Ligand code: SAM
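In the numbering used here, the protein residues as written are -11 to 234.
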């Protein structure tokens, strides 16, 4: 997977893209990055990439020409990568979208700034994504969130593929509780079953705890989760006890 990031602030990506999982993924050859500076596509010697909005109003708008040419420069000559504009009006990003994007071979992530981008940029992208119903000052943090969430689903990025398969949302539920040494801390003990070595019992306990947590914190997820009869019986029992905290 090759991520092309189109931005006015290339330096924003220097540290995040060269640390931990992302750098390891690059070393393993599973992912790669190109950061494209929109200013390199400005049409004048002052490298201007924004202008005042037609019709008046606050702030500046990113100009269409430099942005479109920067987007088109990504993988020019090769297969056309899927193009994504980061914008608060886009479809809200979630685990399903991350999985869908992880199956692409290349993505272009377009970061807006100021009051946003000229509307005509929308015509050259394939989709628009928001990372939530709030407004950031730029698309760069949103692009990093998409890169991180998608990368961990690309084969070869995580050391252990099972890690992504067992995490929150992977099966429509929140993750079960995790513990590590010591077995007791300030009087709070790790649940006995986890020390039992009985993998069947551990798996059953984890499934039930995942259901309990989801019922308690994100009950709406249960409507779309893949549940069997045992899960449904357990949820009924929990509801009978007064919710997920019983
Ligand atoms: N005036 C725009 C509006 O009201 O929708 C907001 C512009 S925002 C200050 C600047 C840039 O940050 C946007 O062009 C977009 O790229 C990015 N951005 C802001 N919030 C975002 C969000 N929730 N998800 C994705 N990108 C976002």
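No residue lacks a Cβ here, since even glycine has one placed at the ideal position from N, Cα and C. A quick note: this is a predicted structure, and the numbers were derived from the prediction, not measured.
>> Could you tell me which whole alpha helix (DSSP H) segments of length 4 or greater appear in the stretch 40 to 92?
In response: 52 to 61 and 83 to 90
> For ligand 1, any of its heavy atoms closer than 7 Å to the Cβ of residue 123?
Replying inline: yes
> Which whole runs of the alpha helix (DSSP H) in the stretch 107 to 186 are 4 residues long or more, in chain order?
Replying inline: 128 to 139 and 149 to 153
> So is residue 45 buried or exposed if we call it buried at 16+ other beta carbons inside 10 Å?
Replying inline: exposed
> Is the beta carbon of residue 51 sitting closer than 8 Å to the one on residue 39?
Replying inline: yes
>> ligand 1 and residue 74: does the residue's C-beta get closer than 7 Å to at least one heavy atom of that ligand?
In response: yes
> Any idea if residue 179 is buried or exposed, counting beta-carbon neighbours within 10 angstroms, 16 or more meaning buried?
Replying inline: exposed
> At which residues does the alpha helix (DSSP H) containing residue 95 begin and terminate?
Replying inline: That residue, residue 95, is in no alpha helix (DSSP H); its beta strand (DSSP E) goes 94 to 99.
> How big is the Cα-Cα spacing for residue 43 and residue 128?
Replying inline: 27 Å
>> By the three-class DSSP mapping on this structure, what secondary structure does residue -5 have?
In response: strand
> Given a threshold of 16 other Cβ atoms within 10 Å of its Cβ, counted over all protein chains shown, does residue 234 qualify as buried or as exposed?
Replying inline: In this predicted model, residue 234 has a pLDDT of only 43, less than 50, meaning its place in the structure is not dependable; the value taken from the coordinates is given anyway. Exposed, since its Cβ has fewer than 16 Cβ neighbours within 10 Å.
> With 16 as the cutoff for other CB atoms within 10 Å, does residue 99 come out buried or exposed?
Replying inline: buried
> Do you know whose CA, among 82, 49, 227 and 208, lies nearest residue 104's CA?
Replying inline: 49
>> Under 8 Å, Cβ to Cβ, is there at least one residue of chain D near residue 210?
In response: No chain D is part of this structure, which consists of one protein chain only.
> Which one of 59, 5, 12 and 135 has the shortest CA to CA distance from residue 25?
Replying inline: 59
> What do you reckon, are the CB atoms on residue 79 and residue 118 nearer than 8 Å?
Replying inline: yes
> Do residue 77 and residue 116 have their C-beta atoms within less than 8 Å of each other?
Replying inline: yes
> Nearest to residue 225 by CA position, among 197, 37, 107 and -3, is which residue?
Replying inline: 197
> Shortest alpha-carbon distance to residue 66 belongs to which of 213, 134 and 95?
Replying inline: 95
> Does the stretch 13 to 29 touch the stretch -3 to 4, meaning 3 or more C-beta pairs lie closer than 8 Å?
Replying inline: yes
>> Residues in the same chain with beta-carbon distance under 7 Å from residue 86, minus the five sequence neighbours each way, listed in chain order, please.
In response: 137, 138 and 141
> So the beta strand (DSSP E) residue 22 belongs to, where does it begin and stop?
Replying inline: 20 to 25
>> On the criterion of 16 or more Cβ atoms from any shown chain inside 10 Å, does residue 143 qualify as buried, or is it exposed?
In response: exposed
> So residue 3 is in the alpha helix (DSSP H); what residue range does that whole segment cover?
Replying inline: 2 to 5
>> Which of the three DSSP states is assigned to residue 32 in this structure?
In response: coil
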